[in-house]
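Novice:
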């Protein structure tokens, strides 16, 4: 139990107790920018909202890498494309150290690590 009561001058909680109405509406996720979608994906794990964020990121051409647990997007067309992998320059979302997009040149994206289970 927290001994400090978090209330405003009217004696009410200054933060919402319930999620925003429509927060589980897929149409709402079309309005979010990529930063908000990444936040929902990484900090609402195991929820329907995480699924909706992942689905929207996929629609924005981001692809989730299961080995590195991060999202990648082609920066340009791959220089090598074979049946099991492609290689080229990618943008990836650095959620651990910078919360920003970074560029990775000569990256090999092995398709066995591609998350393609979103419908």
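In the numbering used here, the protein residues as written are 867 to 985.
Glycine residues also receive a C-beta, built at the ideal position from the N, C-alpha and C atoms.
1. Using the DSSP secondary-structure output, state which residues sit across from residue 931 in a beta bridge.
2. Is residue 968 helix, strand or coil when you go by DSSP?
3. Tell me, please, which residues DSSP counts as bridged to residue 946.
4. Run the CB neighbour count on residue 923, radius 10 Å, all protein chains shown included, and call it buried at 16 or more, exposed below.
5. Have a look at residue 972 and residue 919 and give me their C-alpha separation to the nearest angstrom.
6. My output table needs one value for residue 913: the three-state DSSP class, helix, strand or coil.
7. Let me know the alpha helix (DSSP H) ranges lying completely inside the region 877 to 914, each 4 residues or longer, listed in chain order.
8. So which of 970, 915, 905 has the shortest CA-CA distance to residue 894?
9. Using the rule of at least 16 other Cβ atoms within 10 Å of the residue's Cβ for burial, across every protein chain shown, is residue 866 buried or exposed?
10. Please report how far the alpha carbon of residue 900 lies from the alpha carbon of residue 979, in whole angstroms.
Specialist: The answer reads as follows:
1. Residue 931 sits at position 65 when you count from the first residue of the chain shown. For residue 931, which the question treats as bridged, DSSP gives the partners 936, 980.
2. Here residue 968 refers to the residue found at position 102 when the chain shown is read from its first residue. The answer is strand: DSSP assigns residue 968 an E or B state.
3. To locate residue 946, count along the chain shown from 1; it is residue 80. Paired residue(s): 953.
4. Translated into positions along the chain shown, residue 923 becomes position 57. Buried, since its Cβ has 16 or more Cβ neighbours within 10 Å.
5. Position 106 of the chain shown holds residue 972. Position 53 of the chain shown holds residue 919. So the alpha carbons of these two residues sit roughly 28 Å apart.
6. Here the question's residue 913 lines up with position 47 in the chain shown. Reduced to three states, the DSSP call for residue 913 is coil.
7. 892 to 895, 900 to 909
8. Here the question's residue 894 lines up with position 28 in the chain shown. Cα-wise, what sits closest to residue 894 is 915.
9. In the structure as shown, the chain starts at 867 and stops at 985, and residue 866 therefore has no counterpart that could be examined.
10. Position 34 of the chain shown holds residue 900. Position 113 of the chain shown holds residue 979. One C-alpha to the other measures close to 22 Å.
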